[in-house]
Every structure is written in structure tokens, then in C-alpha cells.
Amino acid sequence: MELTHVCEWNQKEHCWKRITNAEAAKKYPHGARVDSGLFMCELCNHYVTLTQDSKLRKGHFVHSRGDEIKDCPDRNSNQDRNNNFSPENIGIPLKLVLKNNSFDHIEVGFSPAFSKNFNGTVEIRANEITLKKYSAERFFSEIVTYLDIGKEFYPSYEIIFYSEDNKPLLKDPAGMKNPRTVEGFIGDVVLFDGKTGKKIPKDGNVTTNHPYYLLVQQKQAQKVQSVEIHQLDFILQEGKEWRLYEILCTDYNESSARFFFDCHARLSEKSVQMLPVWPPCIQNGNLLYHKEQDLYFELIGEYMDIRAYPGNIQSSAKMQLGQREVLAEVKITDAHQILSMGRQSVLQYVYLWEDSLKREGNKKLILSVKDGDGNSITPGETDQLPQQQQMRIFSSVDGFIKVYNNQKELLEYDELNADTELWLDGNQICRGNRVEIYQGLDCVWEIRFLYRKSVHISTARDSLYQKIRRMQGPYQQTGLDTARLAELLKDNIAIYCWLKQQIIDGKISKRAWEFLVRYYRELQK
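Numbering (this note's numbering), first residue to last: 61 to 585.
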């Protein structure tokens, strides 16, 4: 079957660009073998063959019979798989958890949509063995719930939801089939996000200057220019050797693009994003509450279109060749829908939940950080160590803490359990160290203990932080623009943490907002 979604590396634009059968046949009349690496199928991330021109038939693209995975839609039909979107394309994310730069265990994540009207239990199985079983009480209603499923690597995991009387549900709480199969550790290369630990789906997008974890079986990672590679751990499971690396791509070029292509990922300059623009709505992770029938989204990426399940998108804008951003109008046809954007794998998705929006705001997340004498500690930069060189941390939800030294090496990783106080002592609290506190997966509090000679660095920043803290109402709603401003001011730790707290609270002082916008503009001059 002829392929219609093929790309060639473009030397001028330094990216993969689509090419037609006719264009390729004209450029390479004698064809090109699959091992030449000239052409790749953007639907399944495999190199493909260009056949030779003949009197009976023009040159065209075909898949190799030797491909290990033969699930490309173009193998079986010329129909674009993106038009046949179904919920089975959406994965329940796996997460790699490390402690002190060593592999510790695996977790599986559930969107808040899974907690809706669910009172039973969930069972995680692999190879017909029950790994873990959890009750509905473990699920968060506002953030992604990650559950520990052990240390063993399996090719796939089965997720089964049960009712209160222990009978399998016909559909899971998110409205999809039950049981669900989640792809695990297939092949000899598996890629994870270096910040969240989440497994990158096959053909997922990766970007430059962002850390990733690479898990390689039975061999060492290939060294490539523009990709920094550091081995973290060696894992032996049932006679199989795995090596865990931390990698960082510093430049977008052909060698780095092919490196990630061989890791079943797509290197791009911009990550794929689907951002709600209008009308106002409430978004918690992948759950989007709305009360309108027409929604507008900004799509950022390449060769993307937007799809829904159940039902179809009645009006949408598709990205054309060469486009990077587009505004899409979505007409909602069902009270509960899944909205997705991506190529073959679903890279971005949200659960649309029709709601009056006259609901209580998010439960206020509580975080208390005190010294050994019980005095509150202010985030930011300081040359003063806490009293008794101790920190007492209390959070209303689960999270974790990280402690780094001044060489950016991870010294400590500790789980932060909800409603339980965690103590840090002099082994972690010393000059040059940085402490990060996470609620869920969000870094909400951070402090750096400076050497005394660096105290002048933080004086102006502390003054700015104290100034905006004193600014009160009137208040305005926080949204996507608040999150973007927080990222732009991330170098100022105290301001960044303060803005993250305003996002959690759902409101911000109008005076403080306008002041920080002016402050950022001054920094750009």
C-alpha cells in the first residue's frame, strides 16, 4: 500500500518536511532503500523505502516487511488515522520515580475524570498477576492521582475498575472501556520526561533544552553531538540489563533529530500544546469545565488537527503544511467529551465536562514551612539558615521534596504525605543548597541558602516580594496568562512561588498583577 504521510529531512530548514511520492521519485529516480534513512513515515515513526521508477508504475513509498511494529494506518488503508480517533488512543500515563538519581519504582496516573462518581476499587495487573489494588479513596478529585505499581518492567499493564460490590464495570469512570490496557516497556528503548518522570508516548514530541530519562536495554546509549548523555543507574531484571540515562538536547539539528527518532520520539522546536482561549472555563489538569457549546483553542505544533470522542468536531481549523499555530473553533456535541490533538499517538488531550461553573473553587491547598522554633520561613534566596538548622514542612496533599547542592546535584528526595509533617535537618539545610517543595507535580515553594558573600543578590528581590505581598484587592481571576507570567519570572524564586499560590487560590490582586507585568516589561528593555 502506498504511503501518504512521509517526511524527508530538510537541510535548509533543519526539520522533517513532508514530501509526496512524485517529488521523491523525481529527486531519487532509482529509489532509496529503507536503511538509507532518507524518508520516514510520520504516522508510525519508521524509516520507509522509495521504490524505483518503472514503465508500469511510478516510484512510491512502502513500509519494510522487517518492521518490528506493523500498526501504521497507512499499511492497511489510505485513510488518515487522525479521522478515526477513539478513546483507546489515550494512554493512562506511566511515571518513572527516581530517588537520589537511582530508579526506585513505577507509578500509573489517573486524571481527575476517573474520580467522578467512582466508589469502588481499581486493580492493576500484568502477566495475569495482580500488582496492586486501590480503593476510590486514594483518588484526588482535582489533580492527577499517581499510584505505585511496583518495580518490575512489563510490556503492558491491565487496569480494571470494580464497583462497590466488586463487579467489573462496563465502562471506567472516565467513560472508556473497562478493562483498559496500558502500554508498558516495549522494545529496547523507552523515553521519559526528565521533570515529571512521565513516559513519552510513541511518536511523542520532545524539545531542546529539556531533560529526559532514557531507558535502554542490553546496550549502551549512542553518543551524538548536541545531546548530553549521563548514565544514572544500572537495572537488572529477570536476566535483562537496563541502563538509565539522563539526556539533554542542546541543539536542533539532523543528528539530534535522528537520535530521538531512533528513540521513537519526534524532536521539535516547540512542544505540542492545546490552550483554551475563550470563553472562560475552569481547568484542572486534563479536566476542563465549561458551560458553552462553542469553545476556542489555540493549537501549537505542526501538522495537527483537533478531534473529539464521542461525536465529531463540527467546526475546526486544521494545521496546514508549514503552520505552527492556529485558532480552532470547537462545537461541543456531548455533555462529556474527550478532546485530542496529535499525529498518530494522542499527544495532548482534555476531558470536557459540561458544568454550570457555579461550583466551589478548588479546595485551598495548605502548605506550611517553619523552622525548628515554629517560625514561618519565607521562600526565595537568603543567607540566613533556619533556627536549629531545621525545616518543618506540612502539606494538605501528597507531594515530594527535592534538595540540590550548588552543583545542581540531587542530594535528597523524600515523599511528602498529606497531613503529615516532614522534617529536614542540618544534613540538607546548609549553605549552597536549594530546597524545592512539590504539591502533586507542581513546584509550589523553593528556597536557596546563599553563602554570605552573595547576600546582595537577593536584597532587591526580597524587597519586590514583600511589596507585592502587601498589595490587596480588588482581585481578578487567575488563568493561563498568570501561569505564563510565572514561567517568565521563574528566575525570581519568591515571586514564582507567590504566583503559583495565586493560581492555586484562583485569584490575584489586580494591583499586584499590573505591577508585575510592568516589572517584566522593564526587564526586557
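Ideal Cβ positions, reconstructed from N, Cα and C, are used throughout, including at glycine.
Subject >> Extent of the continuous alpha helix (DSSP H) to which Q584 belongs >> reply: K570 to Q584
Original post:
With 16 as the cutoff for other CB atoms within 10 Å, does F213 come out buried or exposed?
Top reply: buried
**OP:** In angstroms with no decimal places, state the Cα-to-Cα distance between T80 and C309.
**Re:** 30 Å
Subject >> Y305 versus K279 - alpha carbon distance >> reply: 12 Å
Subject >> Contact set for F178: own chain, Cβ-Cβ below 8 Å, skip 5 residues either direction >> reply: A196, F199, F221 and P233
Original post:
Should L63 be counted as a contact of the ligand MG given a C-beta to heavy atom distance under 7 Å?
Top reply: Inclusion of the ligand MG in the displayed structure is not the case, the ligand content being empty and no account of it being possible.
Subject >> Assigned secondary structure, K255 (DSSP; H/G/I helix, E/B strand, else coil) >> reply: coil
Original post:
How many angstroms separate the CA atom of D140 from the CA atom of C101?
Top reply: Because D140 carries a pLDDT of 43, less than 50, the predicted location of this residue cannot be relied on, and no value is offered for it.
Original post:
In terms of residues, what are the limits of the beta strand (DSSP E) holding E288?
Top reply: V287 to Q297
Original post:
Which residue from N70, C323 and V108 puts its Cα closest to that of G264?
Top reply: C323
Subject >> C-beta atoms of A84 and L110 nearer than 8 Å >> reply: yes
**OP:** Can you tell me which of the three DSSP states I499 falls into?
**Re:** First, the amino acid is wrong: residue 499 is Gln here, not Ile. Strand, per DSSP.
Original post:
Looking only at DSSP bridge pairs, what is W182 linked to?
Top reply: The sequence given here has Val at residue 182, not Trp. According to DSSP, which records beta bridges pairwise, V182 is partnered with Y194 and F221.
Original post:
DSSP three-state call for V66: helix, strand or coil?
Top reply: strand
Subject >> Exposure of W573, with buried meaning 16 or more beta-carbon neighbours within 10 Å >> reply: buried
Original post:
Cβ of D485 within 8 Å of Cβ of Q447?
Top reply: no
**OP:** Using 10 angstroms around the beta-carbon of N226, count the other beta-carbons present and answer buried if the total reaches 16, otherwise exposed.
**Re:** exposed
Subject >> Among Q488, I209 and I437, the one whose alpha carbon lies nearest that of D474 >> reply: Q488
**OP:** Following the continuous beta strand (DSSP E) through C104, name the residue where it begins and the one where it ends.
**Re:** Note, C104: premise wrong, no beta strand (DSSP E); not H, not E.
Original post:
Does the Cβ-Cβ distance between L207 and V168 come in under 8 Å?
Top reply: yes
Subject >> Backbone CA spacing between N269 and N70 [nearest angstrom] >> reply: 22 Å
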